[in-house]
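Below is one structure, written out as structure tokens; the observations come after it.
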Amino acid sequence: MKLSGFNLTDYEQILDAAQDGGYRFYTVADYIEADAVDEPYIVLRHDVDRWADNAVSLAAAEAERGISATYYFRTSTFDPDTAQEMEAQGHEVGYHYEDLAKVRGNVEAAHERFATNLESFREHVDVRTACAHGSPLSPHLNTEMWEDARTPAEYELVGEAYSGLEFDSDGSSDLLYLSDTGRDWSAHAPDFGGVRSTADVVNAIESGTCPTLYLLAHPSRWATTRYQTVERTGWDIAAEAGKIAVKNVHTAQQKGGRVTRGTSIARAIRSVAMRMTGE
149 MKLSGFNLTD
159 YEQILDAAQD
169 GGYRFYTVAD
179 YIEADAVDEP
189 YIVLRHDVDR
199 WADNAVSLAA
209 AEAERGISAT
219 YYFRTSTFDP
229 DTAQEMEAQG
239 HEVGYHYEDL
249 AKVRGNVEAA
259 HERFATNLES
269 FREHVDVRTA
279 CAHGSPLSPH
289 LNTEMWEDAR
299 TPAEYELVGE
309 AYSGLEFDSD
319 GSSDLLYLSD
329 TGRDWSAHAP
339 DFGGVRSTAD
349 VVNAIESGTC
359 PTLYLLAHPS
369 RWATTRYQTV
379 ERTGWDIAAE
389 AGKIAVKNVH
399 TAQQKGGRVT
409 RGTSIARAIR
419 SVAMRMTGE
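Quick note, the sequence shown lines up with residues 149 to 427 if you use our numbering.
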């Protein structure tokens with residue numbers, strides 16, 4: 149976990165380095181639908197998990213540079229006026245779904261909830277793609293709702309942020325995946341080396357050795373004021389600790405923990421973590 153390198157100025161350095169290097173930016177939907185893409189390029193995605201005001205700041209910085217990105221909103225962070233403003237700036241707005249986790253693994257109920265929420269979003273913006281929220285406080289993976297016969301296409305979506313795209317954080321695929329999750333980019337570019345800090349991201353782009361990138365930046369992580377720099381760092385540290393604790397409890401329960409006490413512990417940790425993460 150990196151304690152520095154996550155403010156708006158740092159993010160703008162990534163954008164400027166990419167533009168100086170001749171990178172073309174794609175939204176998720178545009179990339180999926182493109183017949184061909186010219187290198188170098190970046191598929192730019194943002195998951196708005198909390199604090200949507202930060203997303204507004206990132207979207208404005210991108211729009212000033214003529215850059216389009218994809219912003220995935222949860223139902224808890226979606227604001228029609230904000231979403232419409234982003235769409236007017238040239239950004240894609242998508243649905244950051246967590247329906248399977250919300251209904252505790254009931255696939256049929258998850259699809260019903262997904263359809264309802266998607267329709268609600270579409271009353272205000274054109275939603276072309278969706279992306280699963282990690283829901284770290286739930287034992288259910290939201291992408292598992294697609295393991296039955298239904299597909300995103302049945303909801304008139306061109307795709308899902310992960311499906312149909314082949315990428316990895318170790319450079320084993322053509323598209324290198326860079327994510328700020330946990331305040332650590334945790335990637336390896338074969339012709340560049342380890343990418344851990346935001347400075348590493350900038351250097352990798354400037355090196356010219358990473359011509360195809362899929363970059364995920366969570367707006368809540370990128371501070372826009374000095375106060376946020378301190379506050380958000382503290383939140384991230386607490387949130388990551390909570391996620392690890394809940395994950396360990398879930399793992400223990402899945403391996404045979406029938407104990408009621410274990411369940412109560414999981415609920416207690418989850419309650420604290422939910423307050424810290426906004427999940």
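Using N, Cα and C, we set each Cβ at its ideal position, and we do this for glycine too.
| Check | Outcome |
| --- | --- |
| Label residue 375 either buried or exposed according to how many other C-beta atoms from any shown protein chain fall within 10 Å of its C-beta, with 16 as the threshold for buried. | exposed |
| Please go through the stretch 307-365 and give each complete alpha helix (DSSP H) segment of 4 or more residues, from N-terminal end onward. | 346-355 |
| Which two residues bound the contiguous alpha helix (DSSP H) that contains residue 196? | Looking at the DSSP string, residue 196 is not in any alpha helix (DSSP H); the run it does join, the beta strand (DSSP E), is 189-196. |
| Where does residue 242 land, buried or exposed, given buried means 16+ other C-beta within 10 angstroms? | buried |
| Could you pull out every residue in the same chain whose Cβ sits closer than 6 Å to the Cβ of residue 179, ignoring the five residues on either side in sequence? | 191 |
| Taking the runs of the alpha helix (DSSP H) that are 4 residues or longer, which of them lie wholly in the stretch 191-260? | 200-212, 228-236 and 247-250 |
| Going by Cα to Cα distance, which pick from 353, 346, 351 and 176 is closest to residue 152? | 346 |
| For a quick check, are the C-beta atoms of residue 349 and residue 162 less than 7 Å apart? | yes |
| May I have the straight-line CA-CA distance separating residue 195 from residue 184, to the nearest angstrom? | 25 Å |
| Looking at the unbroken alpha helix (DSSP H) that takes in residue 179, where does it start and where does it end? | 176-181 |
| By DSSP, does residue 369 sit in helix, in strand, or in coil? | helix |
| So, is residue 247 buried or exposed, given that buried needs 16 or more other C-beta atoms within 10 angstroms? | buried |
| Which class does residue 277 belong to by DSSP, given the choice of helix, strand or coil? | strand |
| Would you call the stretch 197-211 in contact with the stretch 324-338, where contact means no fewer than 3 C-beta pairs closer than 8 Å? | no |
| If you measure between the beta carbons of residue 325 and residue 315, is that distance less than 7 Å? | yes |
| What number of angstroms, rounded off, separates the C-alpha of residue 276 from the C-alpha of residue 313? | 15 Å |
| Closest to residue 295 by C-alpha separation, out of 256, 270, 321 and 229, would be which residue? | 256 |
| Using the C-alpha atoms, what's the distance from residue 240 back to residue 187? | 21 Å |
| Name the one or two DSSP bridge partners that residue 173 has. | 190 |
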